[in-house]
Amino acid sequence: MIEQLLKQKEALKERKSEFIAAGLEEGRTMDSMRPQLEAYEEQMKAIDEQVAQMTAQQTQESMQKTQADEKPENNQPKTEDELEQEKLSAMMNLSVSMEHAKTVDDVRTKTKREGAVLQSEIELDKMNANGLEGAQKMIEKKEEELDELEDQAQSLTAQVGQALSEIAQEAGEAQTEKTVQTDEKDQSKEQEDPDYLKYSF
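First residue of the sequence shown: 1, per full-length UniProt numbering; consecutive thereafter.
See below:
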């Protein structure tokens, strides 16, 4: 869904650029095109907000899933099926977290790239503005959009850091669980066969 929204935004940016190019070719001024350009900006801003909300929701759902999958400690040795199920569950949680981190990082990279392109556009517009009121308003509008993109990039960077921290924690828990499972397995075999430890080395 996030990828689809980003594609929609790219399509809007292309239509906006084509609209500006066609307008200038027809001899229109930036001021006369401003209402339509602002409409494009509003649509792209709405998409940015949806992406931010969905990213935050995915982060929350990932954390809730991890908490829901955590089970209270049980002093009784677990069966082979239970141990295998916990192992698969830990692997799935780790895979989901890694996929989420990749998605957020992809969005962050695209956001930073858009910011760099917009910064270049602003610098070029300033060189060609020639004091025109319409051009100056467009520059100010782009500067506001750039500020929003930078804020979004910072937020996404923080989310990537949090996701990576969760992955490291889950990987550590998975390793700990693996060690516990091995101990429980040995304990279970020892209870079944008191001579197990004698021949396990």
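By construction, the Cβ of each residue, glycine as well, lies at the ideal position given by its N, Cα and C atoms.
Nearest-angstrom Cα separation, counted from residue j out to residue i
i           : j           : result
residue 99  : residue 163 : 10 angstroms
residue 19  : residue 169 : 49 angstroms
residue 2   : residue 26  : 36 angstroms
residue 47  : residue 148 : 13 angstroms
residue 104 : residue 151 : 15 angstroms
residue 141 : residue 156 : 23 angstroms
residue 219 : residue 51  : Residue numbering for the chain in the displayed model covers 1 to 201; residue 219 lies beyond these limits and cannot be assessed.
residue 45  : residue 167 : 31 angstroms
residue 61  : residue 132 : 49 angstroms
residue 22  : residue 144 : 25 angstroms
residue 108 : residue 161 : 12 angstroms
residue 7   : residue 49  : 15 angstroms
residue 111 : residue 28  : 31 angstroms
residue 125 : residue 11  : 22 angstroms
residue 123 : residue 130 : 13 angstroms
residue 127 : residue 115 : 19 angstroms
residue 136 : residue 165 : 44 angstroms
residue 53  : residue 59  : 10 angstroms
residue 24  : residue 39  : 18 angstroms
residue 32  : residue 43  : 19 angstroms
For residue i, the nearest candidate out of the options (CA to CA)
i           : options         : result
residue 34  : 2, 10, 127, 139 : 139
residue 41  : 59, 132, 118    : 118
residue 121 : 36, 17, 110, 32 : 17
Burial state of residue i (16 or more Cβ within 10 Å)
i           : result
residue 113 : exposed
residue 55  : buried
residue 159 : buried
residue 101 : buried
residue 153 : buried
residue 30  : buried
residue 57  : exposed
residue 9   : buried
residue 201 : Below a pLDDT of 50, predicted positions are generally treated as unreliable, and residue 201, at 45, falls in that range; no measurement from the model is reported.
Same chain, Cβ closer than 7 angstroms to residue i, five either side skipped, listed in chain order
i           : result
residue 199 : Because the pLDDT of residue 199 is 46, which lies under 50, any placement of that residue in the model is unreliable, and the number read from its coordinates should be weighed accordingly. If we look at residue 199 and ignore the five residues flanking it on each side, it has no Cβ neighbours.
residue 106 : none
Spatial neighbours of residue i in its chain, beta-carbon cut-off 8 angstroms, leaving aside the 5 residues before and after
i           : result
residue 14  : none
residue 4   : none
residue 202 : An answer regarding residue 202 cannot be provided, because it is not within the stretch 1 to 201 covered by the chain.
Check: residue i C-beta below 8 angstroms from any heavy atom of the ligand HEM
i          : result
residue 51 : The ligand HEM is not part of this structure, which contains no ligands at all.
Residues near residue i by beta carbon distance below 6 angstroms, same chain, minus five either side
i          : result
residue 37 : none
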